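There are 2 protein chains.
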Amino acid sequence: MSLRHALLGLLADSPQNGYDLTRRVEETLSGYAWSAGHSQIYPELKRMAADGLAEVVDEGSRGSKVYGVTDAGRAELRRWMFSPLSEAPARNEFVLRLFMLSSLDLPDVRVLAEQMADASDREAVELADTIKMIEDSVPPDQPHGYARFAAEFGRRWFELQRDWARWVLEQLEQAPRAD
Amino acid sequence: MSLRHALLGLLADSPQNGYDLTRRVEETLSGYAWSAGHSQIYPELKRMAADGLAEVVDEGSRGSKVYGVTDAGRAELRRWMFSPLSEAPARNEFVLRLFMLSSLDLPDVRVLAEQMADASDREAVELADTIKMIEDSVPPDQPHGYARFAAEFGRRWFELQRDWARWVLEQLEQAPRAD
DNA sequence: GCGGTCATGTAAACAGTTACATGATTGT
DNA sequence: ACAATCATGTAACTGTTTACATGACCGC
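Sequence lines, in order, name chains C and Y.
Read in UniProt numbering, the first sequence has 42 at position 42, and its numbers run on one by one without any break.
Read in UniProt numbering, the second sequence has 114 at position 114, and its numbers run on one by one without any break.
Here it is as structure tokens:
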């Protein structure tokens, strides 16, 4: 149940309501870390309050409920951060497709593997641009937050995909009938 | 619904029963591509048969049902392989934790980031060993299949985690209050 | 007043995990 | 005979997605 900890982490940053949390999850986490819609977030906030990990600290102008993290919540967040990584089953469609390549005939394999590598390359280049923009917009020696972390991770991730796709293609060209 | 396509891909390789499929998903896909238990696989096979993508091609000695992929199934597999990647929401607990690092105090950040980088490094080294073993066990110029693909991906993936974790730590040390 | 965004919720459907359940075959 | 493995299923539960639903506030 990592959604709970994602919310705890965002609330630890600053108290906010469910609407803001929904946007922040979408903007800062949904790329590579976690994702959830408002219909999952509102009930979870209630449960977290019931469990004493979060509490309503303020009521916004439009009757919105601003949640903050409690001491117990902060303790739980830290406990989770230091707990052993629960090897959640990996699910990655890109990787799955590359594994399944050998079910196609060689011409198809070539076209598809190159297509996938090129798509990853385009994403990597785009993220490199994003990074440049972020770096330029923030004075040196200043912190630049989640956005920079995410972009850097994304760039490395898409480069990995691109390079691995090309490597798989090489293997299949050398020895068409793998496995 | 990628489980269906994972099964289609495995069946395209060779017809087999649900029990074998369960083991192959666990052994070859569950690391980085996809995962599912037998309780998900058996009903899905029935549905695939009902949809005309797979069919029982043989009955094994113990009354097992050996499924094979139909022409429609092969067409569907190919269609899926070439269809645009549905950006399934990324969920990665490792990445999530590194994003949440700034909720800890600096000494904790140092300890945890180093711990995580070291853990990833150990996994990368282990996979490098696995790769060496695979390469040694297969004569050169022979195909080496899924296992080698997976190990190579895993090694690159854990190296990415290791390097990115160390980079994040650097950023946080330079400017403690990110975001 | 009207459209956009803020703001919160519930319900139904689907996907995935864990637990329960059963029985046949093979090797010792 | 017994244990391990082969083999297939269902049920209950949890987590996630999509759709439905409502209303307040703000700027024009």
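C-beta atoms are modelled at their ideal positions from N, C-alpha and C, and glycine is treated no differently.
Since the structure is predicted, the reported quantities are computational estimates derived from the model, not experimental observations.
The beta carbon of Tyr19 (chain Y) does not come within 7 Å of any beta carbon belonging to chain C, so the residue lies off that interface. Contact with chain C is found for Met81 (chain Y), since one of that chain's Cβ atoms lies less than 7 Å from the residue's Cβ. Of the candidates C:Leu21, C:Gly52, C:Glu123 and C:Ala49, C:Leu21 places its Cα closest to the Cα of Ser39 (chain C). Residue range Gly145 to Gln174 is occupied by the alpha helix (DSSP H) that includes Ala165 (chain Y). One thing to note: Val109 (chain C) has its Cβ no nearer than 7 Å to the Cβ of Phe149 (chain Y). The beta carbons of Pro15 (chain C) and Gly68 (chain C) sit about 4 Å from each other, so the pair counts as a contact at 8 Å. Going by beta carbons, Tyr32 (chain C) and Ala90 (chain Y) fall inside the 7 Å limit.
By the Cβ rule, the segment 5-13 of chain Y does not count as touching the segment 146-162 of chain C, because fewer than three pairs are nearer than 8 Å. Residues of chain Y whose Cβ lies closer than 9 Å to the Cβ of Arg78 (chain C) are, in chain order, Ser103, Leu104 and Asp108. By the Cβ criterion, the segment 75-91 of chain C is in contact with the segment 97-113 of chain Y, since at least three pairs of Cβ atoms, one from each stretch, lie closer than 8 Å.
Within the same chain, and ignoring the five residues on either side of Ala117 (chain C) in sequence, the residues whose Cβ sits closer than 7 Å to its Cβ are Arg162, Ala165 and Arg166. Bounds of the beta strand (DSSP E) holding Glu59 (chain C) are Ala54 to Glu59. Taking CB atoms only, Tyr42 (chain C) has no neighbour in chain Y less than 7 Å away.
DSSP, reduced to helix, strand and coil, places Val111 (chain Y) within a helical segment of the structure shown.
If you look at Val25 (chain Y), you'll find it isn't in any beta strand (DSSP E); DSSP assigns it neither H nor E.
About 6 Å separates the Cβ atoms of Leu96 (chain C) and Ser2 (chain Y), confirming a contact at the 8 Å cut-off. Following the DSSP letters along the chain, one finds Val69 (chain C) inside the beta strand (DSSP E) bounded by residues Lys65 to Val69. Around the CB of Leu106 (chain C), fewer than 16 other CB atoms lie within 10 Å, so the residue is classed as exposed. Sequence-distant Cβ neighbours of Ala124 (chain C) in its own chain, meaning closer than 7 Å and more than five residues away, are Arg155, Phe158, Glu159 and Arg162.
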